[in-house]
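Everything on this sheet refers to the single structure shown next.
2 protein chains.
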Amino acid sequence: MTSAREPVADGELRFVEFSAPRKRVLDAALDLFAENGVSGTSLQMIASSVGITKAAVYHQFRTKEDIVVAVTERELARLIPMLERAEAQEDAPQARDDLLVEVIDMAVRDRRLVRTLQFDPVVVRLLAEHPPFERFMDRLYRVLLGDDGVDVMIEAAMLQGAISSAVMHPFLAGVDDETLRARLTDVSRRILGLTG
Amino acid sequence: MTSAREPVADGELRFVEFSAPRKRVLDAALDLFAENGVSGTSLQMIASSVGITKAAVYHQFRTKEDIVVAVTERELARLIPMLERAEAQEDAPQARDDLLVEVIDMAVRDRRLVRTLQFDPVVVRLLAEHPPFERFMDRLYRVLLGDDGVDVMIEAAMLQGAISSAVMHPFLAGVDDETLRARLTDVSRRILGLTG
DNA sequence: GTCTATATTATGATAGAC
DNA sequence: GTCTATCATAATATAGAC
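Sequences listed follow chains A and B, in order. Residues in the first sequence are numbered consecutively from 204, following this note's numbering. Residues in the second sequence are numbered consecutively from 204, following this note's numbering.
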């Protein structure tokens, strides 16, 4: 019942293959969303960035909301293999640390993602109100937390924000990936109280 | 040369008194900005929230940009006394810790501020491109950092993000201020490597 | 798959009455 | 200080040709 044209319409979040023209639209949208926010990005901006007209964009996606959903699902789906590996592992603390390392690596390598996925009001609302996204985020946090105490939740929120913020920071745009990843991993383990 | 009607047009960021109608507009704008982002907030939304028409809003502020600037300056100006106290103090590490505690306190008590001031693309651009804001942020970070090394900058960025993120997190909306402040202060000192 | 052209609505912004 | 009315522009979105 799930068609390739309606990603994440029901069921679980999953990896979806997009045609080349669709990929171009999503790539441009992701860049513009990161720079201007979702609400600050018009379809005209996306079309101009791709080098086509608005009508051509509408041929690929029925609404702007569909573009936001597709971008969100495409990028979030990259975490699926990492998450499934972590969930399959028996040693819980080790699973958490492994997932942490992978998440940091993705955040560092594709820094533009973070601003949109973590902080854009439109995406945040989507993540909270769209059940497939909601369930996926729950799974993610279950591995990264392992417990439900308030102190643990505060630490998790701080950790998430610490990583996101460092990766987004304009002052740190010139820092090479290796240095940034190393420091982030180090401080993240300090926040979690891991011996690392 | 600086008129009360043109806050932060030149010179330094400063505290500005607003009339009651202007305050109502700024309060409504701050709430809506926090929820929908600056670009996702129209003047009609602000007007409706205040209970007046768009034209009445335009009587208070000439442009939407002016509202954004006024909101940003008004909230940032609340940090002036804290910053001046910290700059006047001789013991640098103590000044940093004192300022940290005060900034956390403000962030916890007025959580809605943080999303807009730290992460909204429009405000971030304003903070980076508008010299009075730029200079003020430089002063703030000079006290909170005390050094210029890359490692220190990464730690500062992580610290800022950790605090902001925890304070903004929807899952932590129900956590009382005292608990949140205590945990934030604790973990922040851990990030900075303070003995606290 | 992309185009031109157009419809519709919302936006930022102004003029002038009260 | 607020209103009604209006304007110009830009936004989302659609129709139909190539």
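C-beta: ideal position from N, C-alpha, C; glycine also. Because the structure is a prediction, the values reported are computed rather than measured.
Terminal residues of the alpha helix (DSSP H) in which residue i lies
i: residue 295 of chain B; result: 295 to 312
i: residue 270 of chain B; result: 267 to 280
i: residue 234 of chain A; result: 223 to 239
i: residue 321 of chain B; result: Per DSSP, residue 321 of chain B belongs to no alpha helix (DSSP H) and is neither H nor E.
i: residue 288 of chain B; result: 283 to 291
i: residue 249 of chain A; result: 246 to 253
i: residue 260 of chain B; result: 257 to 263
C-beta neighbour in chain B for residue i, strict 8 Å
i: residue 383 of chain A; result: yes
i: residue 235 of chain A; result: no
i: residue 278 of chain A; result: no
i: residue 238 of chain A; result: yes
i: residue 390 of chain A; result: yes
i: residue 399 of chain A; result: A caution first: residue 399 of chain A carries a pLDDT of 46, below 50, which makes its placement in the model unreliable, though a value can still be read off. No, no contact with chain B.
i: residue 205 of chain A; result: For residue 205 of chain A, the predicted model reports a pLDDT of 38, less than 50, meaning its position is unreliable; a value from the coordinates is still stated below. Judged by the 8 Å Cβ criterion, residue 205 of chain A is not in contact with chain B.
Closer than 8 Å to chain A by CB, residue i
i: residue 394 of chain B; result: yes
i: residue 386 of chain B; result: yes
i: residue 219 of chain B; result: no
i: residue 223 of chain B; result: no
Residue i CB to nearest heavy atom of the ligand GDP below 7 Å
i: residue 375 of chain A; result: As far as ligands go, the structure on display features none, and thus does not contain the ligand GDP.
Quick one: which unbroken beta strand (DSSP E) runs of 3-plus residues sit fully inside the segment 325 to 382 of chain A? Chain order, please.
-> none
Taking a cut of 8 Å between CB atoms, which residues from the segment 345 to 366 of chain A lie near chain B?
-> 353, 354, 356, 357, 358, 360, 361, 362, 363, 364, 365, 366
Report yes or no: do the segment 237 to 254 of chain A and the segment 230 to 242 of chain B share at least 3 C-beta pairs separated by less than 8 Å?
-> yes
Using a Cβ-Cβ cut-off of less than 7 Å, give me the residues of the segment 242 to 274 of chain A that come near chain B, in sequence order.
-> 242, 243
Return the residues of the segment 327 to 345 of chain B that lie within a Cβ-Cβ distance of less than 7 Å from chain A, sorted by chain order.
-> 331
Specify whether the segment 311 to 326 of chain B and the segment 375 to 387 of chain B touch according to this definition: at least 3 beta carbon pairs, one from each stretch, less than 8 Å apart.
-> yes
Closer than 9 Å, Cβ to Cβ, to anything on chain A: give me those residues from the segment 294 to 325 of chain B, in chain order.
-> 318, 321, 322, 323, 324, 325
Quick one: which residues of the segment 369 to 380 of chain B get their C-beta closer than 7 Å to a C-beta of chain A? List them in chain order.
-> 369, 372, 373, 374, 375, 378
Are the segment 354 to 364 of chain B and the segment 264 to 279 of chain B in contact at 8 Å, needing three or more beta carbon pairs?
-> no
Stretch pair the segment 323 to 336 of chain B + the segment 360 to 377 of chain B: three plus CB contacts closer than 8 Å | no
Touching or not, the segment 340 to 352 of chain B and the segment 339 to 346 of chain A, by the rule of three or more beta carbon pairs under 8 Å?
-> no
Counting pairs of Cβ atoms below 8 Å between the segment 257 to 267 of chain B and the segment 385 to 397 of chain A, do you hit three or more?
-> no
Indicate whether the contact test is met: 3 or more Cβ pairs, each with one atom in the segment 215 to 222 of chain B and one in the segment 279 to 290 of chain B, closer than 8 Å.
-> yes
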